[in-house]
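Undergrad: Take a look at this one; I'll ask things after.
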Amino acid sequence: MADGLFRRALNRLRAIIGLGALKQLRRASSRGRMAGLSTAVLSAASLTAGAQPAYPSRPVTMIVPYTAGGSSDYGARLMSGELGKRLGQTVIIENIAGAGGALGVQKLIRSNPDGFTLLYGSLSETVLVPMVNPSVNYKPDELLPVALTGTTPVAFIVKPDFPANNMDEFIALARRSPGKYTYGSPGIGTFQHVMAETVKSRTGIFIVHIPYRGGQNLVTDLLAGQIDIGVTGAPNVMPLLEAKRVKVLGVSSRARLSALKEVPSFGDSAALKGLDLQTWGMVFAPPGTPEPLVARINAAVNEVMQMPEMREARLKAGSELARPLSPAETRAFFLTERDTYRPIAARIKPE
Numbered sequence: 349m350a351d352g353l354f355r356r357a358l359n360r361l362r363a364i365i366g367l368g369a370l371k372q373l374r375r376a377s378s379r380g381r382m383a384g385l386s387t388a389v390l391s392a393a394s395l396t397a398g399a400q401p402a403y404p405s406r407p408v409t410m411i412v413p414y415t416a417g418g419s420s421d422y423g424a425r426l427m428s429g430e431l432g433k434r435l436g437q438t439v440i441i442e443n444i445a446g447a448g449g450a451l452g453v454q455k456l457i458r459s460n461p462d463g464f465t466l467l468y469g470s471l472s473e474t475v476l477v478p479m480v481n482p483s484v485n486y487k488p489d490e491l492l493p494v495a496l497t498g499t500t501p502v503a504f505i506v507k508p509d510f511p512a513n514n515m516d517e518f519i520a521l522a523r524r525s526p527g528k529y530t531y532g533s534p535g536i537g538t539f540q541h542v543m544a545e546t547v548k549s550r551t552g553i554f555i556v557h558i559p560y561r562g563g564q565n566l567v568t569d570l571l572a573g574q575i576d577i578g579v580t581g582a583p584n585v586m587p588l589l590e591a592k593r594v595k596v597l598g599v600s601s602r603a604r605l606s607a608l609k610e611v612p613s614f615g616d617s618a619a620l621k622g623l624d625l626q627t628w629g630m631v632f633a634p635p636g637t638p639e640p641l642v643a644r645i646n647a648a649v650n651e652v653m654q655m656p657e658m659r660e661a662r663l664k665a666g667s668e669l670a671r672p673l674s675p676a677e678t679r680a681f682f683l684t685e686r687d688t689y690r691p692i693a694a695r696i697k698p699e
């Protein structure tokens, strides 16, 4: 355990002072001489005081915990190019799908807290999945929120020939035929899964859950007729709706989206009126990442998200924009969401 703590301390020191002083510290510790170690620490302190952190000195990896083509992947890729320009290094997207997004989160937590590995996360895998499925072996409190990018509702989509045109008509169908219809989500414990189960609980319907490894996979099976309903992020829906390949029964917000004004919201549904639950996008860093790095990444993300072209692209994709939040405000928002969804997640049983 001591060795692990020492390695983590070295990684944090490297992020702050750069590689040169770190090598000196390692030489001193390997000799086991206190005098050498003291010299190394003093050298590190002087470098920290006299120079800006040497970050980033190489490309930054941003984990997307789902397959390519889904709403999380879209959000990360939309911002990655401009974020890289502001950081001065390329931001590389790495898709790590599985276990409702938990595999990607687990990799982030295991990563060095040096600012070179980030996560483009959502409410699903950072809050809900560990609450619904404790076997993923992490808790929301282990994550370090850095910057909020925006919010978005989920959409309930079906093929154009499905015999219902809105949520109330679908609920009536499901009540007449319990267990007949199937719905797909990006995985157990994801926001989409929790949202659909909330609809089931509120309306008394029974539809069968089919979990997938990401939003794009469930859309593929929906179009192939393997499932009846897809519950997915609004950005996944836009191109399919424009091509008339799907029909949207409703979105999970109180008001209609500006990009989908013709699509009913839960506020338009007699059975679901008053239900307003939305997910969000957020950049996370490994626990223990130094505050100066967190502040720099937060400022860069906020700057990118306020670009006029970025705002327009996100609105067209069905996302609502977030006001810029500081690191402290981002953490407060995250903890509030954790507390809000804890009783909701407690009603969902692992499958």
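Position in the sequence shown counted from 1, then plus 348, gives you this note's numbering.
All residues carry an ideal CB built from backbone N, CA and C; glycine is no exception.
Pairing CB atoms from the stretch 444-463 with CB atoms from the stretch 477-484, are three or more of them under 8 angstroms?
TA: A contact is defined here as three or more CB-CB pairs under 8 angstroms, and the stretch 444-463 meets this definition with respect to the stretch 477-484.
Undergrad: So, G418 versus Q564, is the Cβ gap smaller than 7 angstroms?
TA: Between G418 and Q564, the gap from beta carbon to beta carbon is short of 7 angstroms.
Undergrad: Does DSSP put P587 in a helix, a strand or coil?
TA: helix
Undergrad: Where does the unbroken alpha helix (DSSP H) through Y689 begin, and where does it stop?
TA: Per DSSP, Y689 belongs to the alpha helix (DSSP H) from 675-693.
Undergrad: If you draw a straight line from the C-alpha of V475 to the C-alpha of S459, how long is it?
TA: 19 angstroms
Undergrad: Please report the straight-line C-alpha distance between I555 and K487, rounded to a whole angstrom.
TA: 29 angstroms
Undergrad: Would you check if the stretch 494-501 and the stretch 627-638 touch, i.e. whether three or more CB-CB distances between them fall below 8 angstroms?
TA: yes
Undergrad: So S533 is in the beta strand (DSSP E); what residue range does that whole segment cover?
TA: 530-533
Undergrad: Quick one: Cα of E517 to Cα of L589, how far?
TA: 19 angstroms
Undergrad: In chain order, what residues of the same chain lie with their CB nearer than 6 angstroms to the CB of M427, ignoring the 5 residues before and after it?
TA: V652
Undergrad: Identify the continuous beta strand (DSSP E) that holds A633 and give its terminal residues.
TA: Unbroken beta strand (DSSP E) run through A633: 627-633.
Undergrad: Anyone know if the C-beta pair for A512 and A582 falls short of 7 angstroms?
TA: no
Undergrad: Measuring CB to CB, does G452 end up less than 7 angstroms from I441?
TA: It is not a contact, given that the beta carbons lie outside the stated cut-off.
Undergrad: Over what stretch of residues does the beta strand (DSSP E) that includes G578 continue unbroken?
TA: Per DSSP, G578 is one residue of the beta strand (DSSP E) stretching across 577-581.
Undergrad: What separation, rounded to the nearest whole angstrom, lies between the Cα atoms of T637 and P461?
TA: 4 angstroms
Undergrad: I need the straight-line Cα distance from V547 to L620, nearest angstrom please.
TA: 8 angstroms
Undergrad: DSSP beta-bridge partners for A607?
TA: Looking at the DSSP assignment, A607 forms no beta bridge with any residue, so it has no partner.
Undergrad: Who are the near neighbours of V585 in its chain, counting only those whose CB is closer than 8 angstroms to its CB and skipping five residues on each side?
TA: A503, I505, V594, V596, L608, G666
Undergrad: Answer with buried or exposed for T415, where buried requires no fewer than 16 other C-beta atoms within 10 angstroms of its C-beta.
TA: buried
Undergrad: So, with DSSP's three-state summary, where would you put L521?
TA: Under the three-state reduction of DSSP output, L521 falls in the helix class.
Undergrad: Does the distance from the C-beta atom of L471 to that of P635 stay below 7 angstroms?
TA: no
Undergrad: Per DSSP, which one or two residues make a beta bridge with A665?
TA: For A665, which the question treats as bridged, DSSP gives no partner whatsoever.
Undergrad: To the nearest angstrom, report how far apart A402 and E677 are at their CA atoms.
TA: About 26 angstroms.
Undergrad: Determine the DSSP secondary structure at A648, reduced to helix, strand or coil.
TA: A648 falls in the helix class under three-state DSSP.
Undergrad: Could you name the residues that DSSP lists as bridge partners for M410?
TA: I441, L466
Undergrad: So is S533 buried or exposed if we call it buried at 16+ other beta carbons inside 10 Å?
TA: buried
Undergrad: Could you check whether P675 and N646 sit closer than 7 angstroms to each other, using their CB atoms as the reference points?
TA: yes
Undergrad: Could you give the distance in angstroms between the alpha-carbon of R695 and the alpha-carbon of P404?
TA: 43 angstroms
Undergrad: Quick check on F504: does DSSP put it in helix, strand or coil?
TA: strand
Undergrad: Go ahead and label R662 buried or exposed: buried means 16 or more other beta carbons lie within 10 angstroms of its beta carbon, across all protein chains shown.
TA: Label assigned to R662: buried.
Undergrad: Kindly identify the DSSP beta-bridge partner or partners of I558.
TA: G532
Undergrad: Considering only their Cβ atoms, is the gap separating A633 from L466 smaller than 7 angstroms?
TA: Yes; because the gap between Cβ atoms is below 7 angstroms, this pair is in contact.
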